[in-house]
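To keep things clear, I will list the structure first and then write my remarks on it.
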Amino acid sequence: MKRFMESKGKKVFVVGGQAHNSSSYGASVDEACAAVRAVGGNTVEIPVYWENIEPKEGQFYFGDVEQIYHKVRENGLYLIVLWFGTWKNGTCKYAPSWVKLDGRRFHRVVAENGAKIPVLSPHCRETMEADGKAFQKLMERLAILDPEGETILAVQAENEPGIMNGPARDYGSRATEAFTCPLPEKMLGMLVAFPDSQVAGCWEANGRKTQSWSEAFGRHAEEIFTAYAVAGYVNEVARRGRTCYQTTVYTNVWVDNHRLKIPGKDYPSGGAVSLVMDVWKYVADALDFISPDNYQQTNQGYMACCDCYSRNDNPLFIPESGLLEWNSRFMFSAVADYRAIGICAFGIESILNDGEIGAQEQAVAESLQILGALAPGLVRYHDKPMTAVMQEEYAQYQYLELGHYVGIAYFTNCNSLVGRMGTDWNWHNYQHKDYLKRQKRGGCRGRGIIIQSDENEFLIAGDGFQLNLLPADGETPVNYLAGSDFHLTRSLDFISIEEGVFNEDGEFEVHRRRNGDEADFGIWVEPDVKVVRVRLCGWNEENRHEDI
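In structure tokens:
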């Protein structure tokens, strides 16, 4: 299993954005690339449409694909290609007209009342063959354009596949026959391979029956049945593409944490949601991983989504997320707590307004800038302890346990609430005197990440907080000063405090060393200082001195 995406064998932590759905042409690609560069990202995700590359059956056109590739490469970015084939958001919006108009050959999903809906059936072999052929042709062209895998990091097979705006399963004759048949051997194999899965739990609750899907899984039967079919379909499409181009291939998910959580109504039935994730992992083994589109706006919902898709057999990659303030905070927990391997924001062009980052998008843009500066370090230190700093509503500070140290992150947008009132330890340096106005203008909360790269070394990146550190043993000379912020910030025994970035090889490049006044106000961070590396003397027996 691939843990990171790669460029010519070098692991890449993805930071970037996804272009709008209709942004696969000329100037729109330029706008998407400009937006990714404005936020310090390294990757742009751009869709490729089945209807565009195969307007007539068997006649392929790759002019737009080649233009996308060359424009992204000219901008010095990585590219993730999104294949909009049979499915886009659980419908067939991007299928060619010759597929949409030939219902006898390319079956539609049939609703309970017999109506055909605008979703192609996952049970139709003819459609899968046509999609698989087109995807294979696309991958062949990508192999010609980027044979060493320098620019193209990955290809997404389909987009949020499943049945949307319809029933939980296809009621067509072919699908209904399969639904009433005994469980296939592969499905039985899944139940053995994942005995602790939710699906296996349904099976146990229904007496481990195998004569039909309804008997086996009860009220969840239709969704599980559809997931098995859609996963097999996407797997076959992906497998065909991989025969001619070895790059990362994944699919994405419209997650189920919406409204009443009704499959087919609130999310595409058959997609790799929490209930059927293990079905997908077993059936769709041609995929490197399965990725959630995480637009959850609450801490609980966002983290539950991350938890579902961060597994030993599935690294967390978030190909779509929101542009609003909540995402600017949550993404750091995705990285620190769930070891995400990349994060992209959807509709990245919308960040820019006449070439400037909009006030509403400022927080997300700056969080992406922070991750961009840290990205190679996130690869290098992937297995090191990481802690997210995230200001909850009304929080004035966050207590942190960091190995042999404890810390307190004071959130600078509410310093006046803790008695600081703009005094000197509310200040960073002469270049950042307006940070409070900037934070309030963007509605920003404190956020960031702390990586313990060594026993006495920390990498800190973020915005809107000042970090104070103390050894955790309780026997240090500064222990009696812990109640005084003025003295505490000036009592840090450090070797160096440095600002910088990580280069492509994962080495930290120092841009400036802090000392004196700039080091006397806590270890403060803002987006434009990139990454702060703190090396401490370390509280051990060698530097403890007895009074003479």
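So for the sequence shown, UniProt numbering puts the first residue at 1; every next one is plus one.
The C-beta atom is built at its ideal place from N, Cα and C for all residues, glycine as well.
Keeping to the same chain, check which residues put their C-beta closer than 6 Å to that of residue i; ignore five residues upstream and five downstream.
i, result
"residue 391", "411, 445 and 446"
"residue 292", "253, 255, 305 and 309"
"residue 145", "69"
"residue 374", "461 and 531"
"residue 94", "49, 50, 51, 84 and 88"
"residue 456", "536 and 538"
"residue 57", "98"
Is the distance from the Cβ of residue i to the Cβ of residue j below 8 Å?
i, j, result
"residue 321", "residue 327", "yes"
"residue 226", "residue 183", "no"
"residue 388", "residue 333", "yes"
"residue 149", "residue 8", "yes"
"residue 212", "residue 181", "yes"
"residue 53", "residue 19", "no"
"residue 13", "residue 342", "yes"
"residue 187", "residue 228", "yes"
"residue 73", "residue 151", "yes"
"residue 16", "residue 44", "yes"
"residue 355", "residue 323", "no"
"residue 525", "residue 454", "no"
"residue 368", "residue 41", "yes"
"residue 222", "residue 259", "no"
"residue 295", "residue 316", "no"
"residue 276", "residue 157", "no"
"residue 132", "residue 230", "no"
"residue 205", "residue 189", "no"
"residue 466", "residue 458", "no"
Helix, strand or coil: how does DSSP classify residue i here?
i, result
"residue 164", "coil"
"residue 356", "strand"
"residue 118", "strand"
"residue 272", "coil"
"residue 8", "coil"
"residue 127", "helix"
"residue 391", "coil"
"residue 20", "coil"
"residue 533", "strand"
"residue 517", "helix"
"residue 223", "helix"
"residue 508", "strand"
"residue 502", "strand"
"residue 3", "coil"
"residue 376", "helix"
"residue 553", "Shown here, the chain extends from 1 to 548; a query on residue 553 therefore has no answer."
"residue 424", "Note that residue 424 scores 42 on pLDDT, short of 50, meaning its location in the model is unreliable; the coordinates nonetheless yield the value given after this. The answer is helix: DSSP assigns residue 424 an H, G or I state."
"residue 297", "coil"
"residue 403", "coil"
"residue 468", "strand"
"residue 528", "helix"
"residue 419", "Interpretation of residue 419 is limited by its pLDDT of 44, a score under 50 that renders its predicted location unreliable; no figure is taken from the coordinates."
"residue 494", "strand"
"residue 455", "coil"
"residue 562", "Lying before the first or after the last residue shown, residue 562 is absent from the chain, which here runs from 1 to 548."
Which residues in the same chain have their Cβ closer than 7 Å to the Cβ of residue i, if we skip the five residues on either side of it in sequence?
i, result
"residue 194", "200, 278 and 282"
"residue 166", "109, 111, 117, 119 and 264"
"residue 336", "386, 387, 388 and 449"
"residue 71", "29, 30 and 33"
"residue 105", "126"
"residue 232", "283"
"residue 171", "110, 111 and 112"
"residue 357", "38, 351 and 365"
"residue 60", "53, 54 and 137"
"residue 550", "Outside the displayed range of the chain (1 to 548) lies residue 550, so it cannot be described from this structure."
For residue i, which residues of its own chain have a beta-carbon under 8 Å away from its beta-carbon, when the five flanking residues on both sides are left out?
i, result
"residue 506", "376, 377, 379 and 380"
"residue 164", "89, 90, 91, 119, 254, 264, 267, 268 and 269"
"residue 48", "24, 64, 65, 68, 81, 82, 83, 84 and 138"
"residue 153", "5, 6, 7, 12, 14, 43, 78, 79, 80, 247 and 248"
Taking 7 Å as the cut-off, does the CB of residue i come closer than this to any heavy atom belonging to the ligand PLP?
i, result
"residue 467", "This structure simply doesn't include the ligand PLP, nor any ligand for that matter."
Problem set entry | 3 or more residues per run - each beta strand (DSSP E) lying fully within the region 305 to 351 | 342 to 346
For this session: Kindly provide the ranges of any beta strand (DSSP E) runs that are 3 or more residues long and lie completely inside the region 42 to 115, ordered along the chain.
Result: 43 to 49, 78 to 88 and 108 to 110
Exercise. Is there contact here, the region 304 to 318 with the region 353 to 369, by at least three beta-carbon pairs under 8 Å?
Worked result: no
Problem set entry | Inside the region 233 to 287 only - alpha helix (DSSP H) runs reaching at least 4 residues | 277 to 283
Exercise. Just checking, does the region 124 to 140 make contact with the region 240 to 254 on the three C-beta pairs under 8 Å criterion?
Worked result: yes
For this session: Please specify which runs of the beta strand (DSSP E), each continuous and at least 3 residues long, are wholly inside the region 148 to 221, giving them in chain order.
Result: Considered as a whole, the region 148 to 221 harbours 152 to 159 as its complete beta strand (DSSP E) runs of no fewer than 3 residues, in chain order.
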